[in-house]
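In this text, residue positions in the sequence shown follow the working numbering: the first is 878, and each later residue adds one.
Where is the CB? At the ideal position from N, CA and C, for every residue including glycine.
In this text, all values refer to a predicted model and were calculated from it rather than measured experimentally.
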Amino acid sequence: MCDEANLQSWAQAQLSRRQFGALAGVSVLAAGAAVPLYAAGALSERVVNFATPDGEADGFFVHPTEGKHPAVILWPDIAGLREAKRVIARELAAQGFAVLVMNPYYRDVAGEQFTDFADFIAQGGFQKVTPWRSKLDSFAIGSDARTITMWLEEQDGVDYTRFVGVHGYCMGGPFAIWSAATVPSRIKAAASFHGAGLVREGSDSPVGQFKWLAKDGATLIAVARNDDAKAPDDRGILAARAEELGLAVEVKLYPADHGWMVPDSPAFSVEQAREGEADLLALYKARL
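This is how it looks when you write it as structure tokens:
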């Protein structure tokens, strides 16, 4: 998982802002492509705010300018809402989805707090976000998921007759499972990329909440190789629980390290990010 040890090792590697900036400029879905996935004016985007039971939430919302499309909730990693996540959202929107990137820390702060992972490390981000993150249990995220789903279905650009998708990165991986488990009547596709703590003790354990996922939905659990090395039993536990419940859950090990999907992460892998996004796109096109 993206823990303090990871951050220290990245910092000790003396990765510069220039290196991080180069990563952040790499398109995920379009990496290596001759042309961009979307033309100027093809997407509409804006910063949004809306009320929740816990305060005013904010995020980044992007969708194709023309038509109405299935809605997707994107939960960021520990560094929160920033350009790397907006890039991912734009590229998914270009494939025909209306994507909301949430600020997971809205209960404490509004908007972007870190420019990229380099800035996160420089600011002592792990310590900074710890009190914010401590509030984000399955109850809080489930409450958010209910509100977000209703808000999305009222937006221009969203086809409310279609189902909703949700995916998350690192700490956002459990958020995706909690969201889907809370609103199974609407959320029919979920994905966790290098998700942290999917198997744990207590009522917040994402694998323990598989029983509330939509029976007609599908889930992708994308596992990083170094996370798998630290918890080698987790993949089997996740797969066995899904099979026991008769759920369509794919647990897939990727030959890349924690953070491989995120353009401003030191572990970013163009090749494996492309594969992960292709898997996500296939999931959403099949289920939404």
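{"query": "Using DSSP bridges, identify the partner residues of Thr1024.", "result": "Thr1024 pairs with nothing; no bridge assigned."}
{"query": "Distance check for Ala1068 and Asp1104, CA to CA, integer angstroms please.", "result": "16 Å"}
{"query": "Taking the straight line between their C-alpha atoms, what separation do you get for Glu1030 and Pro947?", "result": "9 Å"}
{"query": "Within the chosen definition, does the segment 929–948 reach the segment 964–983 through at least 3 CB pairs nearer than 8 Å?", "result": "yes"}
{"query": "May I have the straight-line CA-CA distance separating Asp1021 from Trp1028, to the nearest angstrom?", "result": "10 Å"}
{"query": "Check this for me: beta carbons of Tyr1131 and Gln1149, under 8 Å apart or not?", "result": "yes"}
{"query": "To the nearest angstrom, how far is it from the Cα of Ala1073 to the Cα of Gln1032?", "result": "31 Å"}
{"query": "Name the DSSP beta bridge partners of Leu1097, please?", "result": "Ala1068 and Glu1127"}
{"query": "At which residues does the alpha helix (DSSP H) containing Glu1121 begin and terminate?", "result": "Asp1111 to Leu1122"}
{"query": "So for Ser1146, helix, strand or coil by DSSP?", "result": "coil"}
{"query": "Do Gly1136 and Phe1145 come within 8 Å of each other at the CB atom, strictly closer than that value?", "result": "yes"}
{"query": "So what does DSSP say about Phe994, is it helix, strand or coil?", "result": "helix"}
{"query": "Tell whether a beta-carbon distance below 8 Å holds between Phe1087 and Arg1118.", "result": "yes"}
{"query": "If we require 3 or more residues per run, which beta strand (DSSP E) segments fall completely within the segment 935–985?", "result": "948–952 and 975–979"}
{"query": "On the DSSP letters alone, give me the boundaries of the beta strand (DSSP E) that Arg923 sits inside.", "result": "Leu920 to Thr929"}
{"query": "To the nearest angstrom, how far is it from the Cα of Val1100 to the Cα of Lys1129?", "result": "6 Å"}
{"query": "Tyr1161 by DSSP, collapsed to three states: which one?", "result": "helix"}
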